[in-house]
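Asker: Numbering (this note's numbering), first residue to last: 410 to 734.
A virtual CB, placed ideally from N, CA and C, is assigned to each residue, including glycine.
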Amino acid sequence: MKNKNIIQKLKKAELKGRGGANFPTYLKWQMVKDQKATKKYIVANGSEGEPDTNKDGWIVKNHPELLIEGLKLALKAIDHSEAIIYLRKDYFKKYQSKLQKLIGKLPITIFKERGGYLSGEETTVCQEIENKIARPRIKPPFPGQAGVYGFPTLINNIETFYYAAKIADDDYEKTRLITILGKVKNKGVFELPINWPIDRILENTRNIPDFDFFVQMGGGASGEVLLQNELHHQVIGSGSIVIYDKNNTDPYAFMRRIMEFFMEENCDKCTPCREGTYRLMQMIRDRSIDKKVLDDLLFVLENTSFCALGKMVVPPMRSAVKKLI
Ligand code: SF4
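(1) Find the nearest neighbour of Thr680 within the set Glu423, Glu711 and Ile564, judged by alpha-carbon distance.
(2) I think Met672 touches Met690, with their Cβ atoms under 8 Å apart; what is that distance to the nearest whole Å?
(3) Can you tell which of Glu539, Tyr687, Gly591 and Pro561 has its C-alpha closest to the C-alpha of Leu703?
(4) I need the residues with a C-beta less than 6 Å from some heavy atom of the ligand SF4; please give them in chain order.
(5) Taking only the alpha-carbon atoms, compute the straight-line gap between Val722 and Lys514 and give it to the nearest angstrom.
(6) Buried or exposed: which applies to Ile542, given that a residue is buried once 16 or more other Cβ atoms fall within 10 Å of its Cβ?
(7) Give the C-beta separation of Pro561 and Gln554 to the nearest angstrom, bearing in mind that I take them to be a contact with Cβ-Cβ under 8 Å.
(8) What residues in its chain sit with their C-beta under 8 Å from that of Trp438, if we drop five residues either side in the sequence?
(9) My understanding is that Ile519 touches Leu496, with C-beta atoms under 8 Å, so please give their C-beta distance in whole angstroms.
(10) Pop quiz: Thr588 and Thr462 are said to be a contact at Cβ under 8 Å. What is the actual Cβ separation, rounded to whole angstroms?
(11) Measuring only the C-alpha atoms, how far is Met410 from Ala577?
(12) One question on the structure: do Ala574 and Leu475 come within less than 7 Å of each other, judged by their Cβ atoms?
(13) Go ahead and pull the three-state DSSP assignment for Leu601.
(14) Give a yes or no on contact between the stretch 611–621 and the stretch 658–676, applying the rule of three or more CB pairs nearer than 8 Å.
(15) Scan the stretch 641–692 and note each continuous alpha helix (DSSP H) run of 4 residues or more that stays entirely inside, going in chain order.
(16) Going along the chain, which residues of its own chain have a beta-carbon closer than 6 Å to the beta-carbon of Leu590, five neighbours each way excluded?
(17) Between Leu527 and the rest of its own chain, which residues show a CB-CB distance below 8 Å, the 5 nearest in sequence each way excluded?
(18) So what does Met626 bridge to, in DSSP terms?
(19) Since Gly591 sits in a beta bridge, which residues does DSSP pair it with?
(20) So Gly455 packs on Asp465, CB below 8 Å; how close in whole Å?
(21) Under the three-state reduction of DSSP, which class applies to Ala543: helix, strand or coil?
(22) What residue does the beta strand (DSSP E) around Glu491 start on, and which one ends it?
(23) Excluding sequence positions up to five away, which residues of its chain have a Cβ less than 7 Å from the Cβ of Thr599?
(24) Can you tell me which of Glu669, Val709, Lys449 and Ala662 puts its alpha carbon nearest to the alpha carbon of Tyr398?
(25) Heavy atom of the ligand SAH less than 6 Å from the Cβ of Glu568, yes or no?
(26) Buried or exposed: Tyr558, going by 16 or more other Cβ atoms within 10 Å of its Cβ?
(27) When the Cβ atoms of the stretch 616–635 are set against those of the stretch 723–733, are three or more pairs found closer than 8 Å?
(28) What would DSSP say about Gly466, mapped onto helix, strand or coil?
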């Protein structure tokens, strides 16, 4: 494997994190490498708590050797490090023994997360590994400075390590993994060019519906609603596209499913998210949206939520109300 100076290779390849935040991968690796510490952690985040997203599971099932290769690269690049594969419960159950065989004597352990959307948030990942309550921590410090047990910690999505391995092998063609679900014929995970817009993706995968439709793009909870005339956008977030039959989808039922998810998954730590999701749900249950109240609630959620979960309520709700009601 041509893995000399992997951080420079990650920079040249312009790889960005695939967990949704889109942060340049080389900067994260460099930050942890540059920290002075007697111990460092590397975490492959396979929490994948966003509904309708299966790309990390697809990697662990089909290409676990590339995940391990990506971790080996990070272990080599970052001194005094050990690695943890942080897995969603069902992935842990299905793939633990297969991964363990590949790991052998490498300094890599497999951790079964407790579960839930918040478990994938990077500071909550540290909390769970330390067996503490699954709640986000205040940032800064960022995990790269003080993460697991206070040591510098590199946390990347499983897909990011998969692509780091491909980059080291000069086998990266600027692709990403796209999960396509909903009312289509060819559901699944597809590896496609990063810069393809949604319409090209649907066409190429033979998934253009023959009925009026809309999509939720970027995650089955936090993703934005896009109409048929907006499919020139590239896929962002966790890389999913879910197709809905526009004439046979009740917009209130659609929003209710999303809000039930956020109400269930929030940790009750901060008022904007705890009370804001409750108030949004009230309006959806009453099938009566007061646009002024909605705008105020979304503004507060976006600007004052303690962690990303509260902010993620905004894109689906704002777009669904604007485009479907
Ligand atoms: S935004 Fe929501 S999930 Fe995040 S800390 Fe506040 S209550 Fe918890």
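Answerer: On the basis of the supplied data:
(1) Glu711
(2) 6 Å
(3) Tyr687
(4) Leu527, Pro545, Asn675, Cys676, Asp677, Lys678, Cys679, Cys682, Arg683, Ser714, Phe715, Cys716, Leu718 and Gly719
(5) 42 Å
(6) exposed
(7) 6 Å
(8) Ile415, Ile416, Leu419, Ala483, Ala486, Ile487 and Leu563
(9) 6 Å
(10) 5 Å
(11) With a pLDDT of only 48 at Met410, under the threshold of 50, the placement of this residue in the model should not be trusted, and no figure is reported.
(12) yes
(13) strand
(14) no
(15) 660–674
(16) Asp461, Lys596 and Val651
(17) Gly458, Thr533, Ala543, Arg544, Pro545, Glu674, Asn675, Cys676, Cys716 and Leu718
(18) Glu633 and Ile650
(19) Ile652
(20) 5 Å
(21) coil
(22) Ser490 to Leu496
(23) The sequence given here has Phe at residue 599, not Thr. Result list for Phe599: Ile587, Ile589 and Thr614, in chain order.
(24) The structure shown does not extend to residue 398, since the chain is modelled only from 410 to 734, so the question has no answer here.
(25) The model on display carries the ligand SF4 but not the ligand SAH.
(26) exposed
(27) yes
(28) helix
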